[in-house]
Structures are given as C-alpha cells and as structure tokens.
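Notes for the one structure printed next.
Residue numbers (UniProt numbering): 1 to 351.
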C-alpha cells in the first residue's frame, strides 16, 4: 500500500493537491485537499477490468464551474436548513440563502469549497489522508470557531473508512457527510437505474415542496421506499408515489437506519458484479439518485445526464434544528462531534 501526492491545480493562487491511495488488491482512491473531494475511485469488475466508479473531474476549474458537490464533504450542516435561519440559545442566526429561501450544504462557500490542510498516513495496516479545517466564528452565519478533522483510510481488505471529528468554542450546529456519486457500471457506461440497493431501513422522512422534512416519519412497507429485500433504483424513478414524483422522479430522501446493524446498505451493479457495502454510526442516509443532474457538461468525456450517479449520504437527520423530535445537531464546547462511515468494495458481488 502507498500514498502518492501531486499538484492538481491552483485556486486563488493556492495550490490544490491530489492524494492517491493504492492497495495491493487493485483498488485506487484519489482525493483532493479542495473540499476533501473524492475525485476518483478505480476498482476491478468481476472479470478484473479496472474502471472508475464515481463521478468526478480532472481539473479544479471543472469542479468550480460544474460540480454539484461531486465527492465533497459538505458542512457545517449537510442538507437544507429551512428559511436559512435558526434559533439557538434565544438568538437568531441568519445563513446564506443558496437554494431559494433555504440554506443548502453549508452555504455558497461551505466546506466543499475550502482548501483543507492535509497530512498523509502510511502504516502497515492502512494508508490515508487526514484533512483539517478551522471554520471561523460567523462563517456562512454560523456561531463559534469550529475545528474539523476528516480522515480517509484504505486497507488491503478493500475497506475504505471515513471518520469525522469536530470541536467548538460556542454552541453551534454540525452535521457532516460525503457527497460522492457512485456509478458501478464502470467509466459511466450506463446510468445507475439498474443498480440494486438493499438497505436495512423501515422508515423514511416525508418531504415538502422545498425538499425539507415535514417532520412526519413514513413506513416503507408496500412502497418503492422499501429496500429491505433489495430492488433496482429504477422502481423509484418509474413510480407514481407522490414522494418520488415530488423530488423529480426518483429519490432524494432521508432513510432511518437500524443502529449498528452490520452492512446497513449494499449497492450492487448486476452487469459488472461490483458491489459496495456500507456501514455507519449515523441515524440516517439521504438516498439521492441524481434526478437533477445538469446535462450541460461532460464528466471525463461522458455527457452528464439524469441518474448518472447515486449518492448515499450518511448523516444526521436534515433540518434537525427545526424538529425537536429529531436527534440534535447542536455541538457544545467541551463535547466532540464524531461520526464514521465504512465502505467495503467487492469485485464479484451478488445481491
């Protein structure tokens, strides 16, 4: 195993670097110190053919111009905050409105657009990169100086781990996730509509017209949202369910996960045999099927289109600050925010 680093480009006269993690099994993961972006993952299919399985770009200019958070860590708070404001300790905080009247993924210049400090990791068991960033008091309207650490590690067992940590000097909000778009067909040969998702989730959150949680928790039984036995993503795209239609025909919903269940999710492409198993300590995952992907650019020579990638955004519940019955996203001085997500990449998978 090893880590290679090279200059990726420049942003505001500051160098952006790419770090490539390689293991002995043919798995290669490239990440940037810009937004902690996972820019590429290459893995073999069931016949040994190595191809890319994520959406990403090869230049910083493309990320700046086109990227809908491809591969990035988003924060301080992932997802939407209704009205771009919240109350904390009897004080109202007003945030950047960067999606209509709401605040999305940390704002116009959230964590996904920052250059992080990076330190490589090489041990006998794993290789990786540790990213750190200090979000100053008032950044994007949030209170408190927030110190954040995101660590990516890769093992020879084809396991990829993401861990998050955060501390603050004032009460603030935090809810981090990684926004990688997966496509296991290889080099974006097909959309993800025939990918099969299996997920240990009995409930999902109902959304309103702004794609914000209404606060209602719905049961998945007898709906296209029931992935407990596994089914193709296409079933949700073709569905007449009002919640599928609301988000642009597909999914953009938080699913509640069984705590500490083994392999809470698995994403499988029958054509390539590639499979990813996912486990997290977070209470939910936002399943997004790329319903709104822009069709005005190319991704490594492939024309962008709807459903070209699928996101599994493990996180706390979106807009939790406005729903007292949701797990809190408030971080206080003296506490430590911690979260993790583990991925296992399998080259000869089955449902």
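Even for Gly, the Cβ is constructed at its ideal location relative to N, Cα and C.
Own chain residues within Cβ distance below 7 Å of residue i, not counting five before or after
i	result
residue 230	196, 197, 198 and 351
residue 125	155
residue 31	19, 37, 38, 39, 129 and 152
residue 264	199, 200, 257, 258, 278, 279 and 280
residue 72	35, 36, 37, 112 and 179
residue 96	84, 103, 107, 108, 140 and 141
residue 377	Lying outside 1 to 351, the shown extent of the chain, residue 377 is not represented and no answer is given.
residue 352	In the structure as shown, the chain starts at 1 and stops at 351, and residue 352 therefore has no counterpart that could be examined.
Boundaries (first-last residue) of the beta strand (DSSP E) holding residue i
i	result
residue 343	337–346
residue 50	50–52
residue 254	252–256
residue 244	Not the beta strand (DSSP E): residue 244 falls in the alpha helix (DSSP H), residues 242–246.
residue 10	2–11
residue 22	14–22
residue 29	28–32
residue 276	275–280
residue 311	310–315
residue 191	First-last for residue 191: undefined, no H or E at that position.
Endpoints, alpha helix (DSSP H) assigned at residue i
i	result
residue 166	Element bounds for residue 166: not the alpha helix (DSSP H) but the beta strand (DSSP E), 159–168.
residue 366	Absent from the structure is residue 366, since the part of the chain shown begins at 1 and ends at 351.
residue 40	Taken as a continuous stretch (DSSP letters only), residue 40 belongs to no alpha helix (DSSP H), being part of the beta strand (DSSP E) at 38–44.
residue 60	60–66
residue 121	That residue, residue 121, is in no alpha helix (DSSP H); its beta strand (DSSP E) goes 117–122.
Residue of the options minimising C-alpha distance to residue i
i	options	result
residue 55	61, 48 and 42	42
residue 193	183, 200 and 187	183
residue 12	170, 84, 166 and 61	61
residue 135	307, 149 and 122	149
residue 332	338, 85, 168 and 228	168
residue 2	344, 127 and 131	127
residue 67	315, 324, 252 and 298	298
residue 267	146, 47 and 348	348
residue 323	244, 215, 276 and 239	215
residue 338	344, 163 and 239	163
residue 146	166, 161 and 44	166
residue 122	21, 274 and 244	21
residue 45	296, 274 and 344	274
residue 237	327, 160 and 288	288
residue 243	29, 204 and 160	204
residue 296	345, 221, 65 and 25	65
residue 10	63, 48 and 252	63
Any chain B beta carbon closer than 9 Å to residue i
i	result
residue 33	Among the chains of the structure shown, chain B does not appear; only one protein chain is present.
Alpha-carbon spacing of residue i relative to residue j, whole angstroms
i	j	result
residue 39	residue 213	30 Å
residue 207	residue 219	14 Å
residue 119	residue 27	21 Å
residue 5	residue 89	44 Å
residue 133	residue 272	38 Å
residue 140	residue 111	10 Å
residue 304	residue 185	15 Å
residue 321	residue 170	16 Å
residue 23	residue 158	8 Å
residue 137	residue 310	34 Å
residue 187	residue 335	42 Å
residue 307	residue 191	6 Å
residue 302	residue 189	8 Å
residue 317	residue 329	8 Å
residue 284	residue 315	6 Å
residue 217	residue 86	22 Å
residue 143	residue 270	47 Å
residue 282	residue 342	11 Å
residue 240	residue 8	44 Å
residue 181	residue 105	15 Å
residue 226	residue 325	23 Å
residue 70	residue 29	14 Å
residue 354	residue 222	In the structure as shown, the chain begins at 1 and stops at 351. Residue 354 is therefore absent and cannot be evaluated.
residue 49	residue 233	24 Å
residue 344	residue 276	6 Å
residue 346	residue 319	34 Å
Same chain, Cβ closer than 8 Å to residue i, neighbours up to 5 away in sequence not counted
i	result
residue 210	80, 82, 100, 101 and 102
residue 300	52, 56, 57, 58, 187 and 188
residue 228	198, 199, 200, 201, 202 and 220
Proximal residues to residue i (C-beta, below 6 Å), its chain only, five neighbours per side dropped
i	result
residue 286	254 and 313
residue 161	153 and 342
residue 98	104, 107 and 108
residue 340	163 and 281
Heavy atom of the ligand COA within 8 Å of residue i beta-carbon
i	result
residue 247	The ligand COA is not among the ligands present in this structure, which contains no ligands whatsoever.
Are the region 283–293 and the region 244–254 in contact at 8 Å, needing three or more beta carbon pairs?
Segments in contact, yes.
Does the contact criterion of 3 or more C-beta pairs under 8 Å hold for the region 11–29 versus the region 102–118?
Yes, the region 11–29 touches the region 102–118.
Give a yes or no on contact between the region 48–62 and the region 86–101, applying the rule of three or more CB pairs nearer than 8 Å.
Contact fails: fewer than three Cβ-Cβ distances are below 8 Å.
Report yes or no: do three or more beta-carbon pairs, one from the region 65–77 and one from the region 169–178, lie closer than 8 Å?
Result yes; three or more Cβ-Cβ pairs closer than 8 Å.
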